[in-house]
Amino acid sequence: MNETIIETQVTYTIEYQGKFYIIEHVPARVCQETGEQYFDPETVEHIHEFIKGNPKPVRIIETPVFNYA
1 MNETIIETQV TYTIEYQGKF YIIEHVPARV CQETGEQYFD PETVEHIHEF
51 IKGNPKPVRI IETPVFNYA
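Numbering follows the UniProt record's numbering, in which position 44 of the sequence shown is assigned residue number 44; successive positions increment by one, without gaps.
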């Protein structure tokens, strides 16, 4: 298999202290064949520190939650 990795921006989701956060426009490397996303350790650390700082969101969305039955 010939993997093709591209540099792009993606949406990153994380759960922290019982809340879900969505961070848009996160730099990542993405495999075009599998969709697998790869992040630099510095990027992930920056996201974690950002969330811990309790930033003001650009918008808030509501989403349904389901149990897997």
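Note that the Cβ used here is the ideal one computed from N, Cα and C, for glycine as well.
Would isoleucine 22 pass as a contact of threonine 13 if the rule is Cβ separation under 8 angstroms?
Yes, they are a contact pair.
Counting only the same chain and skipping the five closest in sequence on each side, list residues whose C-beta sits under 7 angstroms from that of glutamate 24.
Excluding sequence positions up to five before and after glutamate 24, its CB lies within less than 7 angstroms of the CB of Thr11, all in the same chain and listed in chain order.
If we ignore side chains and look at the alpha-carbon of each, how far apart do valine 44 and lysine 56 end up?
For valine 44 and lysine 56, the distance between alpha carbons rounds to 19 angstroms.
Do glutamate 62 and glutamate 33 come within 8 angstroms of each other at the CB atom, strictly closer than that value?
No, these two residues do not count as a Cβ contact at 8 angstroms.
Kindly indicate which three-state DSSP category glutamate 45 falls into: helix, strand or coil?
Collapsing the DSSP output to three states places glutamate 45 in a helix.
Put lysine 52 into one of helix, strand or coil per three-state DSSP.
Correct three-state label for lysine 52: helix.
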